[in-house]
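**Q** Quick one: structure below, then a few questions.
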Amino acid sequence: MKYEVTPQGVCPARLEFELDGNVVHNVQFLGGCNGNLQAVSRLVEGLTVDQIKSHCGFKDTSCSDQLARAIVAAAEQEQQK
Numbered sequence: 004m005k006y007e008v009t010p011q012g013v014c015p016a017r018l019e020f021e022l023d024g025n026v027v028h029n030v031q032f033l034g035g036c037n038g039n040l041q042a043v044s045r046l047v048e049g050l051t052v053d054q055i056k057s058h059c060g061f062k063d064t065s066c067s068d069q070l071a072r073a074i075v076a077a078a079e080q081e082q083q084k
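Those letters in the sequence shown? Residues 4 to 84, by my numbering.
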């Protein structure tokens, strides 16, 4: 399922990703530091929600933290269905 999120406290205006069960695909940041965010997007491709949560969520004002929070929230939302 595809998700679109508005991150808080960081430069990107929007964050998009897909969840296929517990696996993350097609992460895209719209706006922000293009080179760094392309790298983050490629590094998390195919990782599980738990893998991203354990490696990315350390500072509220980082894009990787916002990504981890959004992915965890989406996974929790899917589990409630």
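Don't be surprised by glycine CBs; every beta carbon is placed ideally from N, CA and C.
Here the structure is a predicted model, which means the values were calculated and not measured.
1) Which whole runs of the alpha helix (DSSP H) in the stretch 15 to 72 are 4 residues long or more, in chain order?
2) Give me the residue from CYS66, GLU79, ALA78 with the minimum Cα distance to GLN11.
3) Please classify CYS59: is it buried, with 16 or more other beta-carbons within 10 angstroms of its beta-carbon, or exposed?
4) Near LYS56, what residues of its chain come up, given a Cβ to Cβ distance below 6 Å and the 5 sequence neighbours on each side ignored?
5) Which residues does DSSP pair with LYS5 in a beta bridge?
6) Using the three-state DSSP reduction, which class does VAL75 fall into: helix, strand or coil?
**A** Straight from the coordinates:
1) 37 to 47, 52 to 59
2) CYS66
3) buried
4) ALA71, VAL75
5) GLU21
6) helix
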